[in-house]
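Per our numbering, the very first residue in the sequence shown carries number 1423; after that it's consecutive.
Using N, Cα and C, we set each Cβ at its ideal position, and we do this for glycine too.
Note that the structure is predicted; figures quoted are calculated from it, not measured.
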Amino acid sequence: MPFVRTLDDYTLVNVSSVGMPRDGVPRAVYVTLTFDGHDWQIAHHRISFDVQAVVQEYHAVGYPGATQMVQRFVAMRY
């Protein structure tokens, strides 16, 4: 799951996973880090992507265990 945690002087940023989201949001996630000269701004962004194209690519490249991965991928997303 995407998150930002601060502990003492450290900040941990988890971007998450495109293919196996654990938060139920069926979109890819990325993070931007912006430094304003004093502080860092951290923002998660979500974008849609072509799920069917990913499923087809698993099979097209001969990914080992493609059927099982596709089943997990689709189940995690919808």
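Alpha helix (DSSP H) containing residue i: first to last residue?
i: Y1485; result: No alpha helix (DSSP H) contains Y1485, which DSSP labels as neither H nor E.
Measuring straight from C-alpha to C-alpha, what distance separates residue i and residue j?
i: Y1500; j: T1433; result: Unreliable positioning characterises Y1500 in this predicted model, as indicated by a pLDDT of 45, which lies under 50. A coordinate reading is not provided.
i: F1425; j: Q1463; result: 13 Å
i: Y1371; j: A1475; result: Residue 1371 lies beyond the stretch modelled for the chain, which goes from 1423 to 1500, so this question has no answer here.
i: H1466; j: Y1480; result: 27 Å
Output yes or no for whether 9 Å exceeds the beta carbon distance between residue i and residue j.
i: V1453; j: V1435; result: yes
Start and end of the beta strand (DSSP E) containing residue i?
i: V1437; result: Neither: V1437 is in no beta strand (DSSP E) and is coded neither H nor E.
i: V1468; result: Note that residue 1468 corresponds to Arg in the displayed sequence, not to Val. Where R1468 is concerned, the enclosing beta strand (DSSP E) stretches over 1462–1469.
Assuming residue i contacts residue j (C-beta within less than 8 Å), just tell me the rounded distance between them.
i: V1447; j: R1468; result: 6 Å
i: S1470; j: R1449; result: 5 Å
Notebook entry, point to check: If you pair each beta-carbon of the region 1445–1462 with each one of the region 1488–1495, do three or more pairs fall below 8 Å?
Noted result: Too few Cβ pairs lie closer than 8 Å, so no.
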